[in-house]
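When the letters of the sequence shown are read in order and numbered with the working numbering, they come out as residues 13 to 262. By construction, the Cβ of each residue, glycine as well, lies at the ideal position given by its N, Cα and C atoms.
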Amino acid sequence: MNTATISRFEHDQSDISLKIAGRLMFNLGMGANDLGEMLATDKKGFPFGLAELVNGQRPALAAKITAYLQQDICAKPLAALIRQTLPYLQRSVTEDCRLPLTLEQQLADMLAYPEKWGNFEYYLITSVLPYASHELTSLCWQRLTALTGQTLGYRREALWRLGLTALLHDDTPLAAQIATDMAAISKIPGLQLHFNNVMPQFLAVVAIAKHKDLTSLLTALGALAQTSWLLSLPARRKRRGPNPAGTIRS
């Protein structure tokens, strides 16, 4: 591509093919996850929200979503559903609260096709589904785990997010089903590369479902040892000092 074509694309004046976009991303050292993060931080994209949820900053996520709604870029029925779910971000996920039946039905409809889930559906799962009924939570889990092949591999984030959300319910049969399903899914031949970067989350879901100790799990994974190793690197660098000059031929 010449610089003029790239410039037009950068200024949203023309489009490029997926093939060329892939080449550009490769030359920039970008992967699919990087693209997802870019879309998530785009002001016109629905907020990613995972950092806020993990850090317990649910009101901060509510503020982001409110700002998103103020742009008035999504359809009115969808905007109405988002506004209906926002108050649940002000609640604790352990609070004893039940969703209205009408909202449950809307959620069931919105989460009907897990192969197409994105940031908005993940938001519904982690922010509103903790208060859903056993029927809706089980239905979502059944739909998700009914996927097969690469489609299931691409939904790796949905698996651990929905699994952890479902385990917030005091539902022993569902917890046992989740533990069995996750243990089986993580061993599916051909999907190991898909699951590699989320395997700690997968194992954590199984451990929590079986009431196992997470500290021993992290130790077995080497996560604690890796943290210790990373913290030792700055001190190790100071002890080594700079490399002597002239040791490598150009």
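With a threshold of 8 angstroms, are at least 3 pairs of Cβ atoms found where one atom belongs to the stretch 221–231 and the other to the stretch 184–204?
A contact is defined here as three or more CB-CB pairs under 8 angstroms, and the stretch 221–231 meets this definition with respect to the stretch 184–204.
Of the residues 109, 176 and 133, the one placed nearest residue 93, counting alpha carbons only:
Here the closest residue by C-alpha is 133.
When the Cα atoms are used, what is the spatial distance from residue 122 to residue 60?
Their backbone Cα atoms lie some 17 angstroms apart in a straight line.
Own chain partners of residue 144 with C-beta closer than 7 angstroms, once the 5 adjacent residues on each side are dropped:
These residues qualify, in order along the chain: 111, 116 and 119.
Under 7 angstroms, do residue 183 and residue 146 count as touching if we go by C-beta distance?
In this structure, residue 146 lies closer than 7 angstroms to residue 183 by Cβ.
Would residue 217 be called buried (16 or more neighbouring beta carbons within 10 Å of its own) or exposed?
The residue in question, residue 217, is buried, as its Cβ has 16 or more Cβ neighbours within 10 Å.
Taking DSSP as the reference, what is the three-state secondary structure of residue 180?
The answer is coil: DSSP assigns residue 180 none of H, G, I, E or B.
Would you tell me roughly how many angstroms separate the C-alpha atoms of residue 89 and residue 238, rounded to the nearest one?
Distance between the alpha carbons of residue 89 and residue 238: 47 angstroms.
DSSP state of residue 252, grouped into three classes?
At residue 252 the pLDDT is 49, less than 50, meaning the model places this residue with poor confidence and gives no usable figure here.
Cβ-based neighbour list, residue 190, same chain, cut-off 7 angstroms, excluding 5 preceding and 5 following:
If you ignore the 5 residues before and after residue 190, its C-beta comes within less than 7 angstroms of the C-beta of 153, 175, 178, 179, 217 and 221, all in its own chain and listed in chain order.
Considering only residues of the same chain and omitting the five flanking positions on each side of residue 213, which have a CB-CB separation below 6 angstroms?
Within the same chain, residue 213 has close Cβ partners 172.
So, using beta-carbon positions, are residue 168 and residue 140 closer together than 7 angstroms?
When the beta-carbon positions are compared, residue 168 and residue 140 stay at least 7 angstroms from each other.
Determine the contact status of residue 65 and residue 149, defining contact as a CB-CB distance below 7 angstroms.
No, the Cβ-Cβ distance between residue 65 and residue 149 is not below 7 angstroms.
Beta carbon of residue 101 nearer than 7 angstroms to that of residue 74:
Taking 7 angstroms as the Cβ cut-off, residue 101 and residue 74 qualify as a contacting pair.
Using the Cβ count rule (16 or more neighbours within 10 Å means buried), how would you classify residue 142?
Counting Cβ neighbours within 10 Å, residue 142 comes out buried, since at least 16 surround it.
Rounded separation between residue 161 and residue 243 - CA only
In this structure, the straight-line span from the alpha carbon of residue 161 to that of residue 243 is close to 39 angstroms.
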